[in-house]
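Data first, discussion second: the structure below is written as structure tokens.
In the numbering used here, the protein residues as written are 282 to 981.
Right under this line is the structure:
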């Protein structure tokens, strides 16, 4: 017996542009030996609600009752703020202020409560290094800019809510953002510790003439702090701090007093033109973890580049004037370019609606014509069933309307007229290549012998990757691609039929992808040509070793149009010698010759129904192959998608479904006959319900 765990998650968050998003994570599947009591999932994203389903599997590999549980990965701070840029700006009163440029931050890691901008005034004779932003001692604007302050300091200049995030903040203008939507932590000082100072030493180091009265200890208080030293995140002026400190709880932690945070003063006052300034940004995230009493966490940017608050020198002023002029010129040019683009798009829109030659097929086109095509057709409305922007140098596919259930027989008859002219015209509109799809791995010299047909290749972007063998070049390649089914509820692997030299890779793919269902749509030989190598043993309890995997024949069941074989795959651990077994079901359809339609249309729908009845998410993707892995394979996957679409929506997008599939594996639904085969089962079922083949409409 073994266990299977399936972890999936969902996260709702606000993007960096303020748009609410819903992100699905997983599902991630793990198979665990019965002796294990736990398993771990690494690199799971924060701020996500997770659901885990656990099932026990017996020797028959059938799942038992599902046990479910939920948990939440707590929120955390954004990944990295880095250094933030800023500059100087002259106001109408000829004063100089800072202009801070803030990055747009996504709330994927957690909801941002607020942004806090701190400014640090640096004394002109200061040569030492600054403490890290998280350890900076926060005082107030009044203290930092007091007349007798010779060491500078850090104060809170701006606070604004996360939902009111800004990309530009002006500092030193005497104005503060409205405190709207701020959570309590936004106005609260960071927890800080005040070091214990001996009374006699405190008395020696004090600089306040009134320190004697202020430092008189209570009967139960044997220590005090030097009022002249700014040791924590004080939020009140120096003369009020000692009075306020007696009203806040202190917890003795040994060498430090842990002072409970209190409200910070936010003030963005005028800057000292003789001083240099730097600063940093704090981003506060609400966690709601509650485990350690912390409902908020913070992250800090690096210090801003040090800058003088006064007027720039004449050289700098000249440079700034030139920069200002260049900025104006660039903005004007960008505005002109935008106007030209808008005019071109309007002209192309008009051209699209007056042109009588919409579909241009097979002709050589100029660069200008290519630009016209991109502008005219790249922005057209695309319905939800045509997810990709399709196009190639040889075809410009339109978005064809769906065919309703009641119109299927008529659509078939119309396309079937004049020697299938309607089918032929539609088939020629299908794209055969995409600008963003490559086949570099298929074209490698190590991998070219692994392709049964030189023109049928695997897209790099969707190909199935095997585990490399000892760094051997090309050992991760197999001619197979992932293809997504209807509404992404099911995943297929469309592959070419294995050759003698690729059977080991074929079984490696089955093992590594945790596949339990194989659909074979070809015979081993057709028209006296080998279409697929035999990759399974035939006799009862016969076994064949393919690499590290032992394949054992278990059972064989015959049906009218297909055979179901049950195979056992065994892998022995090289280190422990422990064996792991899995059961594979192979559904071999016999009544479908290459380049032909299925001999019995109702048979193929019953065959799909049978497989769907056995399928579950726990059994992994469905492996489908014929000979090349594009013709009958593509038709099978398209039929499965369209049958579910018809059942849920009462209509089918045949053309758009094929386009979407071809974006995932080249040449799926390879021939005209294959496309015709997509309409035949539906038409037969609707025109001849007495034959008992309408049951395909109940496919889920």
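Where a beta carbon is used, it is the ideal one built from N, C-alpha and C, also for glycine.
Residue burial classification, residue i (beta-carbon count within 10 angstroms, cutoff 16)
i, result
"residue 435", "buried"
"residue 860", "exposed"
"residue 630", "exposed"
"residue 699", "exposed"
"residue 554", "exposed"
"residue 734", "exposed"
"residue 365", "buried"
"residue 301", "exposed"
"residue 395", "buried"
"residue 562", "buried"
"residue 853", "exposed"
"residue 291", "exposed"
"residue 729", "exposed"
"residue 389", "buried"
"residue 838", "exposed"
"residue 962", "buried"
"residue 533", "Low confidence applies here, because residue 533 scores a pLDDT of 43, under 50, leaving its location unreliable and the question unanswered by this model."
"residue 315", "exposed"
"residue 801", "buried"
"residue 607", "exposed"
"residue 866", "buried"
"residue 285", "buried"
"residue 662", "Unreliable positioning characterises residue 662 in this predicted model, as indicated by a pLDDT of 37, which lies under 50. The coordinate reading is nonetheless provided below. So residue 662 ends up on the exposed side."
"residue 455", "exposed"
"residue 339", "exposed"
"residue 282", "exposed"
"residue 762", "buried"
"residue 929", "exposed"
"residue 767", "buried"
"residue 727", "exposed"
Spatial distance of residue i from residue j (CA atoms)
i, j, result
"residue 921", "residue 953", "19 Å"
"residue 550", "residue 351", "49 Å"
"residue 896", "residue 918", "14 Å"
"residue 354", "residue 581", "22 Å"
"residue 585", "residue 432", "19 Å"
"residue 453", "residue 591", "11 Å"
"residue 682", "residue 935", "9 Å"
"residue 819", "residue 808", "23 Å"
"residue 876", "residue 821", "33 Å"
"residue 564", "residue 329", "20 Å"
"residue 878", "residue 856", "50 Å"
"residue 719", "residue 293", "34 Å"
"residue 792", "residue 828", "12 Å"
"residue 783", "residue 349", "40 Å"
"residue 308", "residue 892", "22 Å"
"residue 319", "residue 830", "27 Å"
"residue 912", "residue 812", "13 Å"
"residue 376", "residue 441", "24 Å"
"residue 457", "residue 327", "33 Å"
"residue 723", "residue 380", "53 Å"
"residue 310", "residue 616", "51 Å"
"residue 280", "residue 824", "Nothing can be reported for residue 280, as the shown portion of the chain is limited to 282 through 981."
Inter-residue CB distance, residue i and residue j (contact presumed, cutoff 8 Å)
i, j, result
"residue 749", "residue 741", "That pair is no contact at about 15 Å."
"residue 910", "residue 760", "7 Å"
"residue 627", "residue 393", "Not really, about 40 Å apart at Cβ, beyond 8 Å."
"residue 287", "residue 333", "7 Å"
"residue 437", "residue 547", "5 Å"
"residue 686", "residue 931", "5 Å"
"residue 946", "residue 803", "In fact, because the Cβ distance is near 16 Å, the residues do not count as touching under 8 Å."
"residue 701", "residue 948", "Not really, about 20 Å apart at Cβ, beyond 8 Å."
"residue 844", "residue 871", "7 Å"
Stretch pair the stretch 770-780 + the stretch 903-912: three plus CB contacts closer than 8 Å: yes
Complete beta strand (DSSP E) runs within the stretch 828-913 (minimum length 3 residues, chain order): 830-839, 843-853, 860-870 and 903-906
Segment contact flag, the stretch 827-836 with the stretch 847-855, C-beta cutoff 8 Å, min 3 pairs: The stretch 827-836, when compared against the stretch 847-855, does touch it at the 8 Å Cβ threshold.
Cβ contact check for the stretch 393-408 and the stretch 558-565: 3 or more pairs under 8 Å: yes
Segment contact, 8 Å Cβ cut-off, at least three pairs: the stretch 296-303 with the stretch 315-328: no
The stretch 353-361 in contact with the stretch 923-940 per 3-pair CB rule at 8 Å: The stretch 353-361 vs the stretch 923-940: no contact.
Three or more C-beta pairs below 8 Å linking the stretch 787-805 and the stretch 935-948: no
Every unbroken alpha helix (DSSP H) inside the stretch 773-804 [4 residues or more]: 784-793
Any 3 or more C-beta pairs closer than 8 Å across the stretch 384-394 and the stretch 437-449: With a cut-off of 8 Å on Cβ pairs, the stretch 384-394 is in contact with the stretch 437-449, counting three or more such pairs.
Whole runs of the beta strand (DSSP E) within the stretch 744-770, excluding any shorter than 3 residues: Whole beta strand (DSSP E) segments, 3+ residues: 761-765.
3 or more residues per run - each beta strand (DSSP E) lying fully within the stretch 408-473: 434-442 and 449-452
Beta strand (DSSP E) segments (min. 3 residues) lying fully within the stretch 673-715: none
Within the stretch 924-959, ranges of the alpha helix (DSSP H) (whole runs, at least 4 residues): 935-943
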